[in-house]
Amino acid sequence: MIVDYAVKNVESVPGIYKPVEFWQLEDQNPPAKKCHESSVFTLKEMEEATNSFSDENFIGKGGFGKVYKGTLRSGEVVAIKKMELPPVKEAEGEREFRVEVDILSRLDHPNLVSLIGYCADGKHRFLVYEYMQNGNLQDHLNRIGEYKMDWPKRLKVALGAARGLAYLHSSSAVGIPIVHRDLKSTNILLSTNFDAKISDFGLAKLMPEGQEIYATAMVLGTFGYFDPEYTSTGRLTLQSDVYAFGVVLLELLTGRRAVDLNQGPTDQNLVLQVRSTLNDRKKLRKVIDPELPRNSYTMESITMFANLASRCVRIDSSERPTMSECAKELQLIFHTNTKGLGMALHTLRMI
Ligand SMILES: Nc1ncnc2c1ncn2[C@@H]1O[C@H](COP(=O)(O)OP(=O)(O)OP(=O)(O)O)[C@@H](O)[C@H]1O
Ligand SMILES: [Mg+2]
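Position 323 of the sequence shown, counted from 1, bears residue number 785 in this note's numbering, the numbering being contiguous throughout.
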């Protein structure tokens, strides 16, 4: 669920909030080097694909609408996000829609969910994504009674997400770094092979070149993942995503939710719950997900992972690692775990 603390009409304050059109990407950057052009669909095609948005096709609901499984005329299975907005939120949703289409259509990376196309038919707005068979990461960590992901799978997910974010943060995506702004475990989707792909760039902001920090009067994102520096100063940085990524690492380690409203007021926030345990081997054992198969991890890899997570969620954003550093470290952690367990070399080729 997206929370929006609009402090004032930021679009009227020069130099603060810059909508995506401001960057005039068409003029400044060559067209995307994506192999497939985004398709444009009609409302009728969306209805046909989803059996008129039937309950059987319904997958889930987020802050901006419902998501349905669909089959296009071509036979391709897709996820269709139907933007359903209350009138007061319509402007925001419309903006999110345009931003998402604009950005996603330029991006091409194995760890980002591909946008296949969109529909803007009358008042109706849909985004059509590649379908991710294994749904979102949070469900896999929290669903009761389900087989829980082992440690190598969790490391693979962390590494995939890190690579996707590192790509967004590098200038190679659209010529300037992109901040995701709503990274969380429901926005990390999983393929049949548990390859992780990041979704939902609706809140992304394109950062001006050479200026990796700028002020914004809007705080957008999801409770539990907010960078404390961003919420207190409104200064948006690439490192805000690193903080949210650190929270996801903690979810993978502990199997707990980023925010658990069933806990007492001081224990609701996962970072606050576990921060003091992360660099203390003895305490650390107590927070490891009890459902993590014991024969799938080494304490050495857990210790390295917890240490990385603790640096990602540092209060001072300048002390956090970059996403490409996270990716490198996670690769090392994966290899350390594999080596420690004496696994066959072919498992290493998984990544
Ligand atoms: N491409 C996809 N393939 C398969 N399932 C998807 C896809 N996109 C979204 N979903 C599922 O649909 C559900 C709703 O997603 P949605 O993005 O609308 O909500 P959210 O991620 O919980 O919140 P937010 O609106 O803040 O992103 C999620 O449970 C997700 O697993
Ligand atoms: Mg989402």
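Every residue gets a Cβ at the ideal spot worked out from N, C-alpha and C, and that includes glycine.
Let me know if residue i comes out buried or exposed under the rule of 16 or more other beta-carbons within 10 Å of its beta-carbon.
| i | result |
| --- | --- |
| GLY532 | buried |
| ASP689 | buried |
| LEU732 | buried |
| LEU617 | buried |
| MET785 | buried |
| MET545 | buried |
| MET669 | Its pLDDT being 48, under 50, MET669 is placed unreliably in this model, and the value from its coordinates should be taken loosely. Counting Cβ neighbours within 10 Å, MET669 comes out buried, since at least 16 surround it. |
| GLU762 | exposed |
| LYS415 | As shown, the chain starts at 463 and ends at 813. That puts residue 415 outside it, with no answer to give. |
| SER633 | exposed |
| LEU746 | buried |
Closer than 7 angstroms: is that where the CB of residue i sits relative to any heavy atom of ligand 2?
| i | result |
| --- | --- |
| THR648 | yes |
| ASP601 | no |
| ASP662 | yes |
| GLY527 | no |
| GLY524 | yes |
Which residue's Cα is closest to the Cα of residue i: the options?
| i | options | result |
| --- | --- | --- |
| PHE663 | THR648, ILE650, HIS642 and PHE656 | HIS642 |
| GLU538 | GLU592, MET545 and GLY522 | GLU592 |
| LEU770 | ILE660, GLU762 and PRO783 | PRO783 |
| TYR705 | PHE685, ASP722 and MET761 | PHE685 |
| ALA624 | ASP564, VAL775, GLY708 and ASN604 | GLY708 |
| ALA628 | TRP613, LEU645 and PRO614 | LEU645 |
| ASN573 | ARG773, PHE503 and PHE656 | PHE656 |
| ARG719 | ASN741, GLY524 and GLN600 | GLN600 |
| SER514 | GLY524, SER500 and ILE542 | ILE542 |
| LYS585 | ILE521, THR504, ASN649 and GLY637 | THR504 |
| TYR692 | ASP742, SER634 and VAL775 | VAL775 |
| ALA436 | PRO614, TRP613, GLY524 and LYS506 | Residue 436 lies beyond the range of the chain shown here (463 to 813); nothing can be said about it. |
| VAL721 | THR648, VAL502 and LEU569 | THR648 |
| VAL529 | GLY597, LEU734 and ASN741 | GLY597 |
| LEU651 | ASP612, GLN595 and SER500 | GLN595 |
| PRO614 | ALA635, ALA658 and LEU589 | ALA658 |
| TYR687 | GLN725, GLN730, HIS631 and SER653 | GLN730 |
Regarding residue i and ligand 1, is the C-beta to nearest heavy atom distance less than 7 angstroms?
| i | result |
| --- | --- |
| GLY626 | no |
| ILE521 | yes |
| MET545 | no |
| ALA541 | yes |
| VAL575 | yes |
| GLY651 | According to the sequence provided, residue 651 is Leu. The question's Gly does not apply to it. Yes; taking the cut-off as 7 angstroms, the Cβ of LEU651 has a heavy atom of ligand 1 nearer than that. |
| GLY532 | no |
| THR684 | yes |
| ASP703 | no |
Report all residues from its chain with a CB closer than 8 angstroms to the CB of residue i; omit the five preceding and five following residues, and keep chain order.
| i | result |
| --- | --- |
| ASN757 | LEU803 |
| GLY717 | LEU603, ASN604, LYS610, ASP751, PRO752, GLU753 and LEU754 |
| ARG773 | GLY708, GLU781, ARG782 and PRO783 |
Once the 5 residues before and after residue i are set aside, which same chain residues still bring their CB inside 6 angstroms of it?
| i | result |
| --- | --- |
| ALA511 | GLY532, THR533 and LEU534 |
| VAL563 | TYR580 |
Return the chain-ordered list of same chain residues with a C-beta closer than 7 angstroms to the C-beta of residue i, the five sequence neighbours on each side being excluded.
| i | result |
| --- | --- |
| VAL736 | LEU712, THR716 and VAL749 |
| HIS571 | GLY626 and TYR629 |
Hey, is residue i's beta-carbon within less than 8 angstroms of any beta-carbon in chain C?
| i | result |
| --- | --- |
| VAL641 | The structure shown has no chain C; it contains just one protein chain. |
For the segment 766–780 against the segment 698–706, do three or more pairs of beta-carbon atoms, one drawn from each stretch, fall closer than 8 angstroms, so that the two count as touching? yes
* Asked: Using 8 angstroms as the Cβ pair cut-off and three pairs as the minimum, do the segment 621–640 and the segment 760–774 touch?
  -> no
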